[in-house]
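Below: one structure, written as structure tokens.
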Amino acid sequence: MGDLNEAACSRKRRNTVRDLNDRNGRWVEGDNELIEIPSYYFQESFMSNTIGDDVTRYCLDALQGRRKLKDINGTNIVLIPKINSPNNMGQFHPISLYNVIYKIISKVLVNRSRRMLDFCIDENQGAFVTGRQITDNILVAYEILNSFKKKNEGLVGSFALKIDMNKAYDKMDWSFTEKMMRKLGFCNVWINFIMKCVTTVSYLVRRNGIQ
Numbered sequence: 001m002g003d004l005n006e007a008a009c010s011r012k013r014r015n016t017v018r019d020l021n022d023r024n025g026r027w028v029e030g031d032n033e034l035i036e037i038p039s040y041y042f043q044e045s046f047m048s049n050t051i052g053d054d055v056t057r058y059c060l061d062a063l064q065g066r067r068k069l070k071d072i073n074g075t076n077i078v079l080i081p082k083i084n085s086p087n088n089m090g091q092f093h094p095i096s097l098y099n100v101i102y103k104i105i106s107k108v109l110v111n112r113s114r115r116m117l118d119f120c121i122d123e124n125q126g127a128f129v130t131g132r133q134i135t136d137n138i139l140v141a142y143e144i145l146n147s148f149k150k151k152n153e154g155l156v157g158s159f160a161l162k163i164d165m166n167k168a169y170d171k172m173d174w175s176f177t178e179k180m181m182r183k184l185g186f187c188n189v190w191i192n193f194i195m196k197c198v199t200t201v202s203y204l205v206r207r208n209g210i211q
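Take 1 as the starting number for the sequence shown in full-length UniProt numbering and just add one per residue.
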């Protein structure tokens with residue numbers, strides 16, 4: 001365990017950014033000032049008159065159906081070695097890199113859908129909805145199991161069933177998603193756009209900079 005902790009600490013020290021050049025060419029140190037540098041860099045890049053206007057126009061065209069979503073809906077999977085000289089896929093950490101324009105468009109859709117999620121997702125679901133926390137379900141489960149231990153009398157007993165559940169997204173069928181949205185009453189424009197998001201994506205795996 002000590003060797004594992006030492007390796008993790010060594011990797012953290014090696015990857016730690018301690019100083020950067022700001023826009024004036026001045027070396028900056030300290031966590032507070034280092035946070036400001038990437039924030040200003042991306043704000044300046046995407047809010048400039050040239051790039052900002054182009055990004056806004058492209059996103060609006062895509063949302064209004066004037067551009068094909070497939071053109072920007074691609075994801076690069078980069079394999080980062082977990083150890084020196086890895087020899088199997090389990091020794092790589094996959095990182096997904098996808099288009100910033102698509103990220104903006106998907107964020108617009110997410111923000112729009114937040115207002116209706118509370119009506120679409122059952123109250124027993126403890127995540128994905130503002131105001132709900134998945135930890136609430138953990139606390140409820142703990143209280144139920146604790147009550148089992150305290151019950152020592154009576155003929156009617158209780159039992160708990162532990163079910164091995166996979167992530168729903170890993171087993172989701174896109175045709176089911178489409179039918180469910182129609183059942184919930186979403187309009188065709190919304191359904192068609194969401195289906196384009198999930199069905200037009202493509203993946204490229206990069207290894208040593210080669211795809």
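Yeah, the Cβ is synthetic: ideal placement off N, Cα and C, and Gly gets one too.
Checklist entry - According to DSSP, is Ile95 helix, strand or coil? => result strand
Checklist entry - How is Gly90 classed by DSSP in three states: helix, strand or coil? => result helix
Checklist entry - First and last residue of the alpha helix (DSSP H) that includes Thr135? => result Ile134 to Lys150
Next on the checklist: Based on DSSP bridge pairs, tell me the residues matched to Asn76.
Outcome noted: Leu97 and Leu204
Checklist entry - Bridge partners of Glu29, per DSSP? => result Asp19
Item to check | DSSP beta-bridge partners of Pro81 | outcome: Phe92
Checklist entry - Given 8 Å as the limit, is there contact between the segment 52-59 and the segment 169-185, that is, 3 or more CB pairs closer than that? => result no
Checklist entry - Alpha carbon to alpha carbon, how far is Val140 from Asp122? => result 16 Å
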